[in-house]
Amino acid sequence: MLKRIKETSLENNHSPQLIQWIADFTTQLTTPGCRLPQPIATIDGRWITDTGWTAWTFLEGQHARPNDVPICIDGIVALHHALQAIPKHPLMDDNRTPWGKAHTWCFGAQPAGVQPQLQPLIQQLYALRQPIGTSPSQLIHGDLNPENMLIASDLPPAFLDLSPFWAPAAFALAIFANWIGPRRGDIAVLQHFEHITDFKQLLIRAAIRMLLVMAVIDDLADWETASEKHAAELVIQYVQNDSEPP
508 MLKRIKETSL ENNHSPQLIQ WIADFTTQLT TPGCRLPQPI ATIDGRWITD
558 TGWTAWTFLE GQHARPNDVP ICIDGIVALH HALQAIPKHP LMDDNRTPWG
608 KAHTWCFGAQ PAGVQPQLQP LIQQLYALRQ PIGTSPSQLI HGDLNPENML
658 IASDLPPAFL DLSPFWAPAA FALAIFANWI GPRRGDIAVL QHFEHITDFK
708 QLLIRAAIRM LLVMAVIDDL ADWETASEKH AAELVIQYVQ NDSEPP
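Taken in order, the sequence shown gives residues 508 to 753; the numbers are from this note's numbering.
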């Protein structure tokens with residue numbers, strides 16, 4: 508598997524410094540319960556070529572589907588157990604990408620200047636947000652969409668394209684839940700996540716993060732039919748219905 512790294516990339520997992528770091532620690536990780544592609548060095552021992560290419564081992568599997576959710580959850584837990592001892596890279600504190608900004612805001616204060624189309628949903632989600640427990644933050648895979656996960660018979664789940672963020676490990680589960688459920692128009696699948704401490708609050712933060720990425724990118728031409736809009740509406744419905752008295 509080949510991947511091109513660019514200094515000007517908008518995604519922090521395309522940063523040469525962070526890719527070098529990820530490649531270095533990936534070769535040292537023990538990952539029972541999950542699989543990660545391993546970096547392949549050039550003939551002179553580097554992870555990145557002069558023209559910005561990296562190579563990673565091929566992993567068998569098909570992209571995750573809703574019926575794979577239980578094994579995906581187990582794999583995500585195993586992945587983040589393996590990652591928990593990795594120290595924070597200094598560049599992660601200076602993540603000015605749309606994803607980095609949205610990640611900070613979803614745990615912090617609501618930003619000013621959000622587009623009018625997004626305001627109602629963002630305000631509702633912030634109104635539903637409540638304090639969560641004190642789970643320690645750690646390195647997480649911050650882009651756990653189903654296309655970054657591979658499921659194969661008799662093998663643990665595989666995770667591709669590690670996108671480094673700093674948050675409680677369970678937030679990675681909420682990111683995946685939002686992708687595999689509300690982003691696909693399905694909230695029934697969320698039942699598999701309800702044993703996770705503070706899950707609904709983490710899901711709210713994942714939905715806020717998703718919308719604020721849209722706000723920073725300012726890609727709202729098809730907003731009325733966007734999967735992000737429908738997903739946020741479903742998250743609000745899911746959380747509000749759960750909070751109503753019987």
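Note that the Cβ used here is the ideal one computed from N, Cα and C, for glycine as well.
How would you write the range of the alpha helix (DSSP H) that residue i sits in, first residue to last?
i	result
Ala684	676 to 687
Ala722	706 to 724
Gln630	626 to 635
Pro623	First-last for Pro623: undefined, no H or E at that position.
His610	605 to 614
How long is the line joining the alpha carbons of residue i and residue j, rounded to whole angstroms?
i	j	result
Asp600	Leu727	28 angstroms
Ser516	Thr604	Residue confidence is low: Ser516 scores 47 on pLDDT, short of 50, so the model does not pin down where it sits. No coordinate-derived value is stated.
Met656	Ala585	13 angstroms
Pro689	Arg572	13 angstroms
Gln631	Trp730	17 angstroms
Ile658	Asn685	19 angstroms
Arg636	Ser734	21 angstroms
Phe700	Gln708	12 angstroms
His610	Leu697	22 angstroms
Thr537	Leu543	10 angstroms
Ile639	Val576	24 angstroms
Thr641	Asp705	10 angstroms
Phe614	Phe672	13 angstroms
Gln524	Leu598	8 angstroms
Gln747	Cys579	26 angstroms
His587	Asp551	32 angstroms
Phe532	Gln545	10 angstroms
Leu628	Ala739	7 angstroms
Leu741	Asp725	22 angstroms
Pro753	Gln617	Bear in mind that a pLDDT of 37 at Pro753, under 50, signals an unreliable position, so the number given afterwards is only what the model happens to contain. Whole-angstrom Cα-Cα distance: 31 angstroms.
Gly692	Gln626	21 angstroms
Leu590	Ala634	32 angstroms
Asn652	Gly559	25 angstroms
Ile682	Thr549	34 angstroms
Ile547	Thr564	7 angstroms
Ala530	Gly582	20 angstroms
Ile743	Asp668	29 angstroms
Ile526	Ile703	30 angstroms
Which residue marks the beginning of the beta strand (DSSP E) containing residue i, and which one marks its end?
i	result
Leu646	644 to 648
Leu662	From DSSP, Leu662 is part of no beta strand (DSSP E); its letter is neither H nor E.
Bridge partners for residue i per DSSP, in chain order?
i	result
Trp730	According to DSSP, Trp730 bridges with nothing at all.
Pro671	His648
Leu657	His570, Ala665
Lys736	Answer is none; Lys736 lacks a bridge partner.
Lys510	Thr561
**Request:** With a floor of 4 residues, list each alpha helix (DSSP H) that falls wholly inside the stretch 519 to 593, ordered by position along the chain.
**Result:** Listed in chain order, the complete alpha helix (DSSP H) runs (minimum 4 residues) inside the stretch 519 to 593 are 523 to 533, 576 to 590.
**Request:** Would you check if there are 3 or more beta carbon pairs closer than 8 angstroms linking the stretch 611 to 628 to the stretch 708 to 722?
**Result:** Three or more beta-carbon pairs separated by less than 8 angstroms link the stretch 611 to 628 to the stretch 708 to 722, which places the two stretches in contact.
**Message:** Three Cβ pairs or more, each shorter than 8 angstroms: is that satisfied between the stretch 553 to 571 and the stretch 658 to 676?
**Reply:** Short answer: they touch.
**Message:** Under 8 angstroms, with one C-beta from each stretch per pair, do the stretch 637 to 651 and the stretch 669 to 688 reach the 3-pair mark?
**Reply:** At 8 angstroms Cβ cutoff, the stretches touch.
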